[in-house]
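A.B. asks:
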DNA sequence: AAGGCGATGGCAGCTTCCTGCCATATACTC
DNA sequence: GAGTATATGGCAGGAAGCTGCCATCGCCTT
């Protein structure tokens with residue numbers, strides 16, 4: 001069974017009961033928090049949320065863009081406090097996706113289009129496949145608190161350059177030469193980088209950089 | 001449009017033309033290489049593959065289980081040599097998935113069932129969503145060569161212990177003391193760990209450890 | 001012009017790290 | 001027992017890394 005609806009209101013009308021019928025699991029991937037802008041939709045979601053403490057696993061997967069505003073962060077933290085698992089994926093997820101109880105999948109159409117289309121299905125292969133892919137992305141994504149906590153130390157150009165030479169395994173002397181600065185300055189910058197990464201040793205700095213995926 | 005077929009043969013009969021009509025992109029996620037066991041299916045895939053050099057981007061995403069046998073590895077390397085991008089996801093992907101030209105999605109049903117069911121669709125929202133999720137997993141997955149190369153360096157207890165002390169930022173002397181070995185031995189083990197991580201400096205070792213998620 | 005400020009470079013001394021060499025110990029094989 | 005392999009510890013010398021101090025330079029403000 002596959003149905004396609006246009007817009008939030010029609011979605012709620014046709015598939016709203018699915019939201020309220022969640023018994024075990026509700027997973028949701030989205031680029032940001034702007035979906036469900038319609039009051040009716042939000043209301044339906046809220047009604048569902050009220051049940052969540054009762055054993056329904058709710059997982060919300062978002063892209064970093066969802067953390068843009070301070071308000072968004074507060075909202076997400078609130079959700080997390082209510083038991084919703086929130087993770088941040090490294091890439092945007094333009095097509096919003098919902099899987100309910102591993103039985104129904106709801107996917108939003110191209111966001112570039114005007115009125116948003118939603119496709120709802122209960123085909124086992126589709127639902128299973130989508131859920132499985134979701135789970136893969138979920139596994140690779142990082143916990144909200146961890147993401148906010150690390151606070152992604154913003155490195156300036158000099159620090160990035162230092163990071164690169166360190167990653168190459170050069171000696172300080174060679175690195176300083178390639179960067180065109182003195183040994184003293186280079187080491188000062190290494191010290192600055194380590195401070196930025198809250199590391200006391202170069203090993204710790206490297207580990208931190210690796211964990212944060214600072215490749216450059 | 002959504003159709004469901006039972007078994008490889010019927011899939012090829014009903015959707016085989018999709019494989020041969022690839023023009024831009026062919027992506028595929030699977031747990032292992034056992035799919036397409038049927039000769040007809042393999043043949044269809046092979047015909048498709050013959051075109052791939054002509055600009056079709058082929059991405060194959062597998063779980064580590066696909067690397068079980070030496071034969072599998074050879075096969076994958078062969079594919080890679082032919083221009084197929086092969087990556088290994090960290091988790092198994094029980095539901096096999098194919099997306100062709102971002103226009104058609106084919107998803108296999110529960111592998112536990114007897115005859116395998118396949119669902120084929122061209123619903124934009126479904127295809128787009130599946131593709132997007134695939135891309136997310138893909139991004140988090142690791143290149144075949146990198147995976148085989150690094151081969152998840154298996155660290156013994158001694159190396160794990162060293163890793164822990166290094167992560168704590170202790171000096172070698174303190175670390176050696178807490179581990180109850182001499183300074184010389186401790187440093188030998190650090191050198192061994194660095195060799196295992198293919199690192200030339202402690203920074204690189206830390207980075208590698210961070211990237212590999214070696215927390216302990 | 002004068003002064004403050006921040007980044008740089010040189011120097012020096014210190015700590016830490018790295019490794020080759022040798023001696024010892026333990027275990028395993030023949 | 002003799003021989004071999006492997007892990008350990010000590011020592012020493014060298015390489016690399018760290019940082020305090022001071023002088024210099026460019027830039028900005030007053």
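Chains as they are written, first to last, in UniProt numbering: chain A, 1 to 216; chain B, 1 to 216. Glycine included, each C-beta is placed from N, C-alpha and C at the ideal position.
(1) At the level of alpha carbons, what is the spacing between residue 166/B and residue 180/A?
(2) Count the other CB atoms within 10 Å of the CB of residue 106/A; is the residue buried (16 or more) or exposed (fewer)?
(3) By the three-class DSSP mapping on this structure, what secondary structure does residue 87/A have?
(4) In chain order, which continuous runs of the alpha helix (DSSP H) of length 4 or greater are located wholly inside the UniProt domain "HTH luxR-type" (152-209) of chain B?
(5) Below 8 Å CB to CB, which residues in the same chain sit around residue 137/B once its five sequence neighbours on both sides are set aside?
(6) On the criterion of 16 or more Cβ atoms from any shown chain inside 10 Å, does residue 78/A qualify as buried, or is it exposed?
(7) Quick one: list the residues of chain B neighbouring residue 137/A, beta-carbon separation under 8 Å, in chain order.
(8) Would you tell me roughly how many angstroms separate the C-alpha atoms of residue 33/B and residue 16/A, rounded to the nearest one?
(9) Could you work out which residue in 126/B, 59/B and 10/B is closest to residue 104/A when comparing CA atoms only?
(10) Between which two residues does the beta strand (DSSP E) harbouring residue 133/B extend?
(11) Counting contacts by CB-CB distance shorter than 7 Å, is residue 67/A in contact with chain B?
(12) Name the chain B residues whose beta carbon is nearer than 9 Å to that of residue 144/A?
(13) Do residue 101/B and residue 20/B have their CB atoms nearer than 7 Å?
(14) Using the beta-carbon of each residue, which ones in chain B are nearer than 7 Å to residue 209/A?
(15) Comparing the C-beta of residue 148/A with each C-beta of chain B, is any distance below 7 Å?
(16) Could you please tell me which residues of the UniProt domain "HTH luxR-type" (152-209) of chain B, in chain order, have their CB closer than 8 Å to any CB of chain A?
(17) Mapping DSSP to helix, strand and coil, what is residue 7/B?
(18) Could you confirm whether any beta carbon from chain B is found closer than 7 Å to the beta carbon of residue 27/A?
(19) Out of curiosity, what's the CA-to-CA distance linking residue 160/A and residue 185/A?
(20) Using a C-beta cutoff of 7 Å, does residue 128/B count as contacting chain A?
(21) Buried or exposed, going by whether 16 or more other CB atoms sit within 10 Å of the CB of residue 110/B?
(22) Thinking just about the alpha-carbon of each residue, which of 145/B, 197/B, 119/B and 196/B is nearest to the one in residue 85/B?
(23) Closer than 8 Å by beta-carbon distance: list the chain A residues that pair up with residue 109/B, in chain order.
(24) Compare the beta carbon distance of residue 14/B and residue 22/B with 7 Å and say whether it is the shorter of the two.
(25) Would you kindly report the start and end of the unbroken beta strand (DSSP E) that includes residue 57/B?
(26) Does residue 10/A have its Cβ less than 7 Å from a Cβ in chain B?
(27) Tell me whether the beta-carbon of residue 202/A lies closer than 7 Å to the beta-carbon of residue 203/B.
(28) With DSSP as the reference, please indicate the residues paired to residue 107/A in a beta bridge.
(29) Check for me: the beta strand (DSSP E) holding residue 27/A runs from which residue to which?
(30) Name the chain B residues that come within less than 9 Å of residue 2/A, Cβ to Cβ?
(31) What residue from 142/A, 8/A and 214/A has the CA that sits closest to residue 117/A's CA?
(32) Spatial neighbours of residue 121/B within its chain, please: C-beta separation below 6 Å, excluding the five flanking residues on both sides.
(33) On the DSSP bridge list, what partners appear for residue 2/B?
(34) Relative to the C-alpha of residue 157/A, which residue among 57/A, 214/A, 174/A and 99/A is closest?
C.D. replies: In this structure, then:
(1) Each residue's Cα considered, the two are about 31 Å apart.
(2) Looking at its Cβ environment, which holds 16 or more other Cβ atoms inside 10 Å, residue 106/A is buried.
(3) Residue state, collapsed to three classes: strand.
(4) Segments of the alpha helix (DSSP H) lying fully in the UniProt domain "HTH luxR-type" (152-209) of chain B: 157-168, 172-179 and 183-196.
(5) Same-chain partners within the cutoff: 29, 61, 89 and 93.
(6) Exposure of residue 78/A is indicated by the presence of fewer than 16 other C-beta atoms within 10 angstroms of its C-beta.
(7) Close to residue 137/A, with beta-carbon spacing below 8 Å, are these residues of chain B in chain order: 133, 136, 137 and 140.
(8) Computed Cα separation, rounded: 40 Å.
(9) Considering only 126/B, 59/B and 10/B, the residue with the shortest C-alpha distance to residue 104/A is 126/B.
(10) Looking at the DSSP string, residue 133/B is not in any beta strand (DSSP E); the run it does join, the alpha helix (DSSP H), is 124-140.
(11) For residue 67/A, the answer is no, since every Cβ of chain B falls outside 7 Å of its Cβ.
(12) Near residue 144/A there are no residues of chain B at all, since even the closest Cβ is about 17 Å away, more than 9 Å.
(13) No. Outside cutoff.
(14) Simply 207 and 210.
(15) False, the Cβ-Cβ gap to chain B never drops below 7 Å.
(16) Answer in chain order: 166, 167, 169, 199, 200, 201, 202, 203, 204, 205, 206, 207, 208 and 209.
(17) Helix, per DSSP.
(18) It does not: the Cβ of residue 27/A has no partner Cβ on chain B nearer than 7 Å.
(19) As the crow flies, the alpha-carbon of residue 160/A is around 15 Å from that of residue 185/A.
(20) By this cut-off, residue 128/B is an interface position.
(21) Residue environment: residue 110/B is assigned as exposed (fewer than 16 neighbouring CB atoms within 10 Å of its CB, all protein chains considered).
(22) With distances taken between Cα atoms, residue 85/B lies closest to 145/B.
(23) Counting only Cβ-Cβ distances below 8 Å, residue 109/B has contacts in chain A at 124, 125 and 128, in chain order.
(24) Against a cut-off of 7 Å, the Cβ pair of residue 22/B and residue 14/B comes out as no contact.
(25) The continuous beta strand (DSSP E) containing residue 57/B extends over residues 57-62.
(26) Judged by the 7 Å Cβ criterion, residue 10/A is not in contact with chain B.
(27) In this structure, residue 203/B lies closer than 7 Å to residue 202/A by Cβ.
(28) Beta-bridge annotation (DSSP): residue 107/A is paired with 97/A and 119/A.
(29) Note, residue 27/A: beta strand (DSSP E), 25-30.
(30) Within chain B, the residues near residue 2/A are 1, 2, 121, 123 and 126.
(31) Nearest C-alpha to residue 117/A: 8/A.
(32) Taken in chain order, the residues that qualify are 2 and 105.
(33) Checking the DSSP bridge columns, you'll see residue 2/B partnered with 121/B.
(34) If we check each option's Cα against that of residue 157/A, 214/A comes out closest.
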